[in-house]
Amino acid sequence: NENFPLVALLVVCMMAAMNTISATSISLEGKYIWMLKVFPVSPWDIFKAKLGVHLVITVIPAVFCTVSFAVAGGADIVTILYMIAATIVFILYSALVGLLCNLRFPNLTWTNEAQAVKQNTSVIVATFAPWGMLIILAVICLMMRITGTPVTKCLSTAMALTLAVSFLLIKKLLGSGSDQFIDL
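For reference, each letter of the sequence shown is one residue, going 6 to 189 in my numbering.
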């Protein structure tokens, strides 16, 4: 089936969106967040470290699943490369959403780590917001496929849209996100 790569990618990205490491990364600092603020590093450097942890832990298994699905579905090498790129771009977007959510809804007054992770509004928002993005991208790709657009064109369109939104999120992190972090 020609649409299998899109469906497989949707499944992998939905699973990857459930990995909300960056959505708790600020909250896990707890009452010791002041230590990060006194170090001679910019908030952006701290954000990059937190995003990096999310990416390393999430990208490797997601790419493995993407390649496994693609090979099982008989996708050609070009489609597989597009699928891998789209997976990585979406995980970046998901990590950015999680970090911004945690800046907006931090839980710094927890008594054990489970509270910071399980009782945190940012985790809920950071799980469902990327799913909303996936629904939008799926509808766009479905409309494109109905008109006969090739799968690789659908994937590149989805990546372009996701990168554009990710760029806006990075801009927000650099601006008001840094201010929010300093004010915590």
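Cβ atoms here follow ideal geometry from the backbone N, Cα and C, with glycine treated the same way.
Keep in mind that this is a model prediction, so the values were computed, not measured.
Limits of the unbroken alpha helix (DSSP H) element including residue i
i	result
Lys55	Pro48 to Ala77
Ile93	Ile82 to Arg109
Met23	Premise fails: Met23 is in no alpha helix (DSSP H) and is neither H nor E.
Gly137	Thr126 to Ile151
Leu41	Ile38 to Val43
Leu166	Val156 to Lys177
Ser183	Ser183 to Asp188
Proximity below 9 Å, CB of residue i to CB of residue j
i	j	result
Ala90	Met164	yes
Ala100	Leu168	no
Phe110	Thr132	no
Ser47	Leu113	no
Trp39	Leu178	no
Val144	Thr25	no
Phe186	Lys36	no
Burial state of residue i, where buried means 16 or more other Cβ atoms lie within 10 Å
i	result
Asn117	exposed
Thr63	buried
Glu7	exposed
Met20	exposed
Pro135	buried
Thr28	Checking the displayed sequence, the identity of residue 28 turns out to be Ala instead of Thr. Flag for Ala28 reads buried.
Val102	buried
Ala54	exposed
Val17	buried
Gly79	exposed
Gly182	buried
Ala119	exposed
Ile69	Per the sequence shown, residue 69 should be read as Phe rather than Ile. With fewer than 16 other Cβ atoms within 10 Å, it is exposed.
Phe74	buried
Of the residues the options, the one placed nearest residue i, counting alpha carbons only
i	options	result
Val72	Leu33, Ser32, Ala28 and Thr92	Thr92
Leu11	Leu189, Met40 and Lys158	Lys158
Ser171	Ile96, Leu147 and Cys146	Ile96
Met88	Ser161, Ile175 and Gly182	Ser161
Met23	Ser183, Pro66 and Gly153	Pro66
Asp184	Ile145, Phe52 and Ile129	Phe52
Ile85	Asn107, Ala13 and Leu173	Ala13
Ile175	Leu105, Phe44 and Lys123	Leu105
Ala77	Phe9, Cys146 and Val94	Phe9
His2	Trp115, Phe44, Tyr98 and Thr152	Because the chain here runs from 6 to 189, residue 2 falls outside it and cannot be looked at.
Leu237	Val130, Leu166 and Thr152	In the structure as shown, the chain begins at 6 and stops at 189. Residue 237 is therefore absent and cannot be evaluated.
Leu142	Leu166, Leu189, Lys123 and Gly153	Leu166
Asp81	Ile140, Asp188, Pro155 and Gly180	Pro155
Val94	Leu189, Leu15 and Asp188	Leu15
Heavy atom of the ligand FAD within 8 Å of residue i beta-carbon
i	result
Leu101	Judged by which ligands are present, the structure shown has none, so any question about the ligand FAD falls away.
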